[in-house]
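Student: For the sequence shown, the positions run 65 to 317 when the numbering used here is used.
Would you mind keeping the following structure in view while I ask a few things?
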Amino acid sequence: MLTIVRKAFLLCWLAQFLLATGIAAPAQLANATEPLVDAAWAVSHVGEENIHFLDIRGGVAEEFDAEHVPGAVFGDYFHAGWRATGVDGTPGMLPPVDDLERLIGGLGIANANHVVIVARGLSAIKMASAARIFWTFKVLGHDAVSILDGGMTAYMTRPSAPVESGPAAPEAQIFRAWFRAELIAGKAKVIAAQENGGVLLDLRPESQFSGARGPRFMVRKGTIAGARNLPLGRLTEGVRSRPPRPWRSCFLR
């Protein structure tokens, strides 16, 4: 699970072009893309042709159909195909790249588009799904991607926030990935990083970190030896990410 990181931690990822199929995202688009955008920004950019709001609220399509950001497309986090089950039965793995290309293109998203991910936003755990999709786009070489801070919950607090209803009917586009294997850490890479002084952060609740409880699919509870616990709840205030100053204390603990 990826930390929902503030600007200082993510801007280093936003300088590369998308070169797949010879089509590069405009430099000014990638360079201008912020990892986090707030509800006021979202309201002011509704209807812009190159900005695609991707609503990932999982489980209930009727919720999206009832009200969503105008022009948004719906890519259910749980059922659209953002995650796959590994050959050993491990859930939550990255699907094959060609499957993700078809999924994203089918949502009407092309390489040159700025994608804004809209989660439900009720808690840090709900916002973690947005961070996972953010990472997925990064792995696919797409830097023009942002997370709506606080998700749909924060958006709806804006008195002027427009909404629309009904299902989305996006026109399919061609999306080509530029796969970044360096953003994926397998077991060997994790061990090597720790041996070289790297710090492994476990973002799950303390009860799962300690092994007191855990998902049913985990045969062995607890965490990886040497990992440190930074529960997601420490990284948010309400439904939004914490201001920059408190982050330092979180990482120094």
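For glycine and all other residues, C-beta sits at the position ideal for the given N, C-alpha and C.
#1: Buried or exposed: which applies to Met216, given that a residue is buried once 16 or more other Cβ atoms fall within 10 Å of its Cβ?
#2: So what does DSSP say about Leu299, is it helix, strand or coil?
#3: Which one or two residues does DSSP pair with Ile238 in a beta bridge?
#4: Out of Glu246, Thr221, Ala103 and Ala218, which one is the CA nearest neighbour of Lys202?
#5: Measuring CB to CB, does Ala144 end up less than 8 Å from Arg222?
#6: Compute the Euclidean distance between the alpha carbons of Ile115 and Asp213, then round it to the nearest angstrom.
#7: Per DSSP, Asp119 forms a beta bridge with which residues?
#8: Considering only C-alpha positions, which residue in the set Val209, Ala192 and Arg292 is nearest to Gly156?
#9: Do you know whose CA, among Ile173, Gln272 and Ala291, lies nearest Arg284's CA?
#10: With distance defined between alpha-carbon atoms, name the residue in Ser224, Val124 and Leu167 nearest to Arg240.
#11: Exposed or buried, which one is Ser305 when buried takes at least 16 other CB atoms within 10 Å?
#12: Put Gln92 into one of helix, strand or coil per three-state DSSP.
#13: Assign Ile173 to one of two classes, buried (16 or more other C-beta atoms within 10 Å of its C-beta) or exposed (fewer than that).
#14: Can you give the beta carbon distance from Val263 to Arg298, rounded, assuming they're within the 8 Å contact cut?
Tutor: Well, looking at it:
#1: buried
#2: helix
#3: In DSSP, Ile238 forms no bridge with anything.
#4: Glu246
#5: no
#6: 16 Å
#7: Phe138 and Val182
#8: Ala192
#9: Gln272
#10: Leu167
#11: buried
#12: Residue placement at Gln92 is flagged as unreliable, the pLDDT there being 40, under the threshold of 50; a coordinate-derived value is accordingly withheld.
#13: buried
#14: Rounded, the Cβ-Cβ distance is 16 Å, inconsistent with contact.
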